[in-house]
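Chemist: These protein sequences, in sequence, are chains A and B. Just so it is clear: in the first sequence, position 130 is 130 by our numbering, and no numbers are missing. To convert a position in the second sequence, counted from 1, into our numbering, add 1000. C-beta: ideal position from N, C-alpha, C; glycine also. One structure follows; several queries about it will come next.
There are 2 protein chains.
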Amino acid sequence: MLKGIDPLLSPDLLKLLCEMGHGDEIVLADANFTAGSLGRGKTVLRLPGIGMRQACAAVLSVFPLDDFVAQPVAYMQVGDTPAGYRSELQREVISDMGASGSAGSEQCEALERFAFYDRVGRAYAIVQTGELQAWANFVLKKGVIAEELRK
Amino acid sequence: MLKGIDPLLSPDLLKLLCEMGHGDEIVLADANFTAGSLGRGKTVLRLPGIGMRQACAAVLSVFPLDDFVAQPVAYMQVGDTPAGYRSELQREVISDMGASGSAGSEQCEALERFAFYDRVGRAYAIVQTGELQAWANFVLKKGVIAEELRK
């Protein structure tokens, strides 16, 4: 553990988040997600017993979201639901992101299940949480930390 | 890079500091230090071009010092100097530690060169900086991050 850093950010997870660069994406997945198979060839870390809200908050405490794109957050659309539908957990996670200043609701994009899998294929790594709610899968795109451009 | 974390803390260094436990020691060494040989079998990370003051400040921004011991910081005593002598750089680093609230001057112990090497032998890892001042070698003992004991 380290001062000022969420203890859920293990040494391996902290290293992973830190080594990602601008535009790299990390998947935060629920406990049913096909992390092992879709993550073949990638780093897959596990947070057993940890819910998505807690995992997301820990990651976003250090992880800057990309402000070069309109929607740096994507989530897996619940099957057979109308456009705009979000599960209670998705609403909670997105509301947490708003409250922490990470991302507003309009910066979060719904992706149909198989489109989500395609996105996972291009992701840098997967963190599988212990979240037992179904459809609780998110992709976060990393932004930059930069000094102000000199005038 | 990550939000709120000194950019000198590379993914590997952040992982290393995070995985250390209570009482583990890290060596911050100058550019002439025998890091490769004394560090055989340990992790040795490098910060070329980075001075000791900057490296120490970055590490101590996240690394808690041990408050179970009187002197969680040790430094290599300059050869052939009287007890209590500290080089200008040692005084600067120790003054920085005081200013940041990490450790007071009395919490920093002088170790003769070969006693320092013995201590390095028991250390968890070595970070070799680019510090060109001689005798700029420190050992930091890790403390705990804990919630208050319940009354």
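(1) Got a sec, what are the start and stop residues for the beta strand (DSSP E) I1126(B) sits in?
(2) Output needed for D1024(B): all residues of its chain with C-beta closer than 6 Å, excluding positions within five of it in sequence on either side, in chain order.
(3) In angstroms, rounded to a whole number, what distance separates the CA positions of E1106(B) and A146(A)?
(4) Is there contact between the segment 1074-1088 of chain B and the segment 1110-1118 of chain B, where contact requires at least three CB pairs shorter than 8 Å?
(5) Please classify L17(A) as buried or exposed, where buried requires at least 16 neighbouring CB atoms within 10 angstroms.
(6) How many angstroms separate the CA atom of A1115(B) from the CA atom of M1052(B)?
(7) How close, in whole Å, do the beta carbons of D1096(B) and A1057(B) come, if the pair is a contact with beta carbons under 8 Å?
(8) Note down, one range per segment and in chain order, each alpha helix (DSSP H) of at least 4 residues found wholly within the segment 53-100 of chain A.
(9) Check for me: the beta strand (DSSP E) holding V1120(B) runs from which residue to which?
(10) So, P64(A) versus V120(A), is the Cβ gap smaller than 8 Å?
(11) Which of helix, strand or coil does DSSP assign to A1134(B)?
(12) Determine which residues of the segment 62-84 of chain A have a Cβ less than 7 Å from any Cβ of chain B, and write them out in chain order.
(13) Quick one: is T1081(B) buried, meaning 16 or more other Cβ sit within 10 Å of its Cβ, or exposed?
(14) Say whether the segment 36-50 of chain A touches the segment 1041-1052 of chain B, bearing in mind that this needs 3 or more beta-carbon pairs closer than 8 Å, one atom from each stretch.
(15) Tell me which residues share the same chain as E1131(B) and place their Cβ nearer than 6 Å to its Cβ, disregarding the 5 neighbours each side in the sequence.
(16) Can the beta-carbon of V62(A) be found closer than 8 Å to that of G1004(B)?
(17) Here's a check: name, in chain order, each residue in its chain whose Cβ is nearer than 8 Å to the Cβ of I26(A), leaving out the five neighbours to either side.
(18) What is the C-beta distance between P1072(B) and A1035(B), in whole angstroms, given that I count them as a contact (C-beta under 8 Å)?
(19) 8 Å is my cut-off, CB to CB: does L17(A) come that close to chain B?
(20) Measuring straight from C-alpha to C-alpha, what distance separates P7(A) and I94(A)?
(21) Taking L1013(B) as the reference, which of A1134(B), D1067(B), V1044(B) has the closest Cα?
(22) For the segment 1009-1043 of chain B, enumerate the residues whose C-beta is nearer than 8 Å to any C-beta of chain A, in chain order.
(23) Thinking C-beta only, is T129(A) closer than 8 Å to A74(A)?
(24) Sorted by chain position, which residues of the same chain lie with C-beta nearer than 6 Å to Q133(A)'s C-beta, five sequence neighbours on each side aside?
(25) Could you check the C-alpha separation between Q77(A) and D118(A) for me, to the nearest Å?
(26) Assuming D67(A) and H22(A) form a contact by the criterion Cβ under 8 Å, report the distance between their Cβ atoms to the nearest whole angstrom.
(27) May I ask you to list, following chain order, the residues of the segment 113-133 of chain A that have a beta carbon less than 9 Å from some beta carbon of chain B?
Modeler: Result, derived from the coordinates:
(1) The residue you call residue 1126(B) lines up with position 126 of the second sequence. Counting along the chain, the unbroken beta strand (DSSP E) around I1126(B) starts and ends at 1125-1129.
(2) The sequence position of residue 1024(B) within the second sequence is 24, counting from 1. Once the five neighbours on either side are set aside, the close Cβ partners of D1024(B) are Y1124, K1142.
(3) For the purposes of this step, residue 1106(B) is taken as residue 106 along the second sequence, with counting starting at 1. For the purposes of this step, residue 146(A) is taken as residue 146 along the first sequence, with counting starting at 1. So the two alpha carbons sit approximately 38 Å from each other.
(4) By the C-beta criterion, the segment 1074-1088 of chain B is judged to be in contact with the segment 1110-1118 of chain B, since at least 3 inter-stretch pairs fall below 8 Å.
(5) Taking the first sequence and counting its residues from 1, one reaches residue 17(A) at position 17. Flag for L17(A) reads buried.
(6) On the second sequence, position 115 is the one that residue 1115(B) refers to. On the second sequence, position 52 is the one that residue 1052(B) refers to. Each residue's Cα considered, the two are about 21 Å apart.
(7) In the second sequence, residue 1096(B) corresponds to position 96, counting from 1. In the second sequence, residue 1057(B) corresponds to position 57, counting from 1. Taking the Cβ atoms as the reference, D1096(B) lies roughly 6 Å from A1057(B), within the contact range of under 8 Å.
(8) Look at the segment 53-100 of chain A and you find these whole runs of alpha helix (DSSP H), each 4 residues long or longer: 88-99.
(9) To locate residue 1120(B), count along the second sequence from 1; it is residue 120. That residue, V1120(B), is in no beta strand (DSSP E); its alpha helix (DSSP H) goes 1113-1121.
(10) For the purposes of this step, residue 64(A) is identified with residue 64 of the first sequence, where counting begins at 1. For the purposes of this step, residue 120(A) is identified with residue 120 of the first sequence, where counting begins at 1. Between P64(A) and V120(A), the C-beta spacing is not below 8 Å.
(11) Against the second sequence, residue 1134(B) aligns to sequence position 134. In the structure shown, A1134(B) sits in coil (DSSP, three-state: anything other than H, G, I, E or B).
(12) So the close ones are V62, F63, P64.
(13) In the second sequence, residue 1081(B) corresponds to position 81, counting from 1. The residue in question, T1081(B), is exposed, as its Cβ has fewer than 16 Cβ neighbours within 10 Å.
(14) Contact between the segment 36-50 of chain A and the segment 1041-1052 of chain B is absent, because fewer than three Cβ pairs lie under 8 Å.
(15) Here residue 1131(B) refers to the residue found at position 131 of the second sequence. So the list reads D1030, A1031, G1051, M1052, once near-sequence residues are dropped.
(16) On the first sequence, position 62 is the one that residue 62(A) refers to. On the second sequence, position 4 is the one that residue 1004(B) refers to. Yes.
(17) The residue you call residue 26(A) lines up with position 26 of the first sequence. Within its own chain, the residues whose Cβ lies closer than 8 Å to the Cβ of I26(A), once the five positions on either side in sequence are excluded, are L16, L17, M20, V59, F63, A123, Y124, A125, I126, V127, V139, L140, K142, listed in chain order.
(18) Walking along the second sequence from the start, residue 1072(B) turns up at place 72. Walking along the second sequence from the start, residue 1035(B) turns up at place 35. With a Cβ gap of about 21 Å, P1072(B) and A1035(B) do not count as contacting.
(19) As a position in the first sequence, residue 17(A) is number 17, starting the count at 1. Taking a beta-carbon distance threshold of 8 Å, L17(A) counts as an interface residue toward chain B.
(20) Within the first sequence, residue 7(A) is the residue found at index 7, counting from 1. Within the first sequence, residue 94(A) is the residue found at index 94, counting from 1. Approximately 22 Å, taken between the alpha carbons.
(21) As a working note, residue 1013(B) is residue 13 in the second sequence. Per the C-alpha coordinates, the member of A1134(B), D1067(B), V1044(B) positioned closest to L1013(B) is V1044(B).
(22) Correct list: L1009, S1010, P1011, D1012, L1014, K1015, L1016, L1017, C1018, E1019.
(23) By 1-based counting over the first sequence, the position of residue 74(A) is 74. By 1-based counting over the first sequence, the position of residue 129(A) is 129. For the 8 Å CB-CB criterion, A74(A) and T129(A) do not form a contact.
(24) Taking the first sequence and counting its residues from 1, the one referred to as residue 133(A) is at position 133. Within the same chain, Q133(A) has close Cβ partners L89.
(25) Indexing the first sequence from 1 puts residue 77(A) at position 77. Indexing the first sequence from 1 puts residue 118(A) at position 118. Taking C-alpha positions only, Q77(A) is separated from D118(A) by approximately 14 Å.
(26) Along the first sequence, one-based indexing puts residue 67(A) at 67. Along the first sequence, one-based indexing puts residue 22(A) at 22. So it is not a contact: roughly 10 Å between Cβ atoms.
(27) So the list is empty, because no residue satisfies the distance condition.
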